[in-house]
Amino acid sequence: MPVHHASPEIRGVDTYLGHPIHAGTWDHDHDFTGERVGVICTGAGAVRIVPELVDSAAFVKVFQHNPSWVLPRLAVPIPAAVRALCPDRVVTRLGKAHLRRQVRDPWLRRQLTPTGSCTQTSISSDYYPALQRANCKLIDWPIATLSPVGIRTSDGVEHHLDAIVFAVT
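For the sequence shown, counting from 1, position 40 maps to 40 in this note's numbering; every step adds exactly one.
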């Protein structure tokens, strides 16, 4: 089954035999109930998708390349023009505070903290709690290749997956 819009730098995309889905062309007919699902990316697409997936999938593995700041959803939306004026240091402070409030485990917090310049920011109050559910795991080993049964990471682990969501932009 061809993967449309898949990131071209991921080897083995054509070999995967499960159900590939690109976040940009979401398959609303697919039922994730009881499935093992992989999500490639941790940007805005993953921040939207993961909280919904953990409610129905048996297990969700989120394959993170680079973490991005996730800011809390506020009761009143902040216009994009105002958000664009926020200096990086303000975004970083808000992101760190939100991460500290929602993620108690220092190891997971460290994995979710962007290093260096982080240009991408997402808004969610559900993403961090979803990552800490018993049926969800953050994987920060780089993806080596896709295989017929799922994703093989650079540490040699083969992650067997029924569906892979490509949330890459």
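All C-beta atoms in this analysis are idealised placements derived from N, C-alpha and C, irrespective of residue type, glycine included.
### Query
What span of residues does the beta strand (DSSP E) with Trp69 cover, start to end?
Translated into the one-based positions of the sequence shown, residue 69 becomes position 69. It spans Trp69 to Leu71 - the beta strand (DSSP E) in which Trp69 sits, taken as one unbroken run.
| field | Local Cβ density within 10 Å of Ser124, reported as buried at 16 or more and exposed below that | value | Locating residue 124 in the sequence shown gives position 124, where the first residue counts as 1. So Ser124 ends up on the buried side.
Proximity to Leu17 [Cα-Cα], best of Glu52, Val91, Thr42 and Gly150: By one-based count along the sequence shown, residue 17 stands at place 17. Selected option, being the one with the closest Cα: Gly150.
Check your understanding: Relative to the C-alpha of Ala46, which residue among Phe32, Thr33, Arg36 and Ser68 is closest?
Key -> Looking up residue 46 in the sequence shown gives position 46. That would be Ser68, whose Cα lies nearest to the Cα of Ala46.
C-alpha distance - Ala97 paired with Pro142, whole-angstrom precision = Within the sequence shown, the letter at position 97 stands for residue 97. Within the sequence shown, the letter at position 142 stands for residue 142. The straight-line gap from Cα to Cα measures roughly 27 Å.
Measure the alpha-carbon distance for Arg36 versus His160 and round it to whole angstroms.
To locate residue 36, count along the sequence shown from 1; it is residue 36. To locate residue 160, count along the sequence shown from 1; it is residue 160. Rounded to the nearest angstrom, the two C-alpha atoms are 7 Å apart.
Ordered along the chain, which non-local residues of its own chain (more than five positions away) have a Cβ less than 6 Å from that of Ile164?
-> Residue 164 sits at position 164 when you count from the first residue of the sequence shown. Pro20 and Gly38, listed in sequence order.
### Message
Using only the alpha-carbon positions, how far apart do Asp105 and Gly43 sit?
### Response
The residue labelled residue 105 in the question sits at position 105 within the sequence shown. The residue labelled residue 43 in the question sits at position 43 within the sequence shown. Roughly 21 Å separates the two Cα atoms.
Ile164, DSSP secondary structure in three states:
The residue given as residue 164 occupies position 164 in the sequence shown. Residue state, collapsed to three classes: strand.
- Assign Ala167 to buried or exposed, taking buried as 16 or more other Cβ atoms, counted over all protein chains shown, within 10 Å of its Cβ. Within the sequence shown, numbered from 1, the residue matching residue 167 stands at position 167. That one is buried.
Span separating the alpha-carbon of Gly95 from that of Lys137
Counted from its first residue, the sequence shown places residue 95 at position 95. Counted from its first residue, the sequence shown places residue 137 at position 137. Roughly 21 Å between the two C-alpha positions.
| Taking the C-alpha atoms as reference points, what is the distance between Gln132 and Thr33? | In the sequence shown, the residue the question calls residue 132 occupies position 132. In the sequence shown, the residue the question calls residue 33 occupies position 33. Between Gln132 and Thr33, the C-alpha separation is close to 19 Å.
Next on the checklist: Quick check: the Cα distance between Glu52 and Ala144, rounded to an integer number of angstroms?
Outcome noted: For this step, residue 52 is matched to residue 52 along the sequence shown. For this step, residue 144 is matched to residue 144 along the sequence shown. Their backbone Cα atoms lie some 27 Å apart in a straight line.
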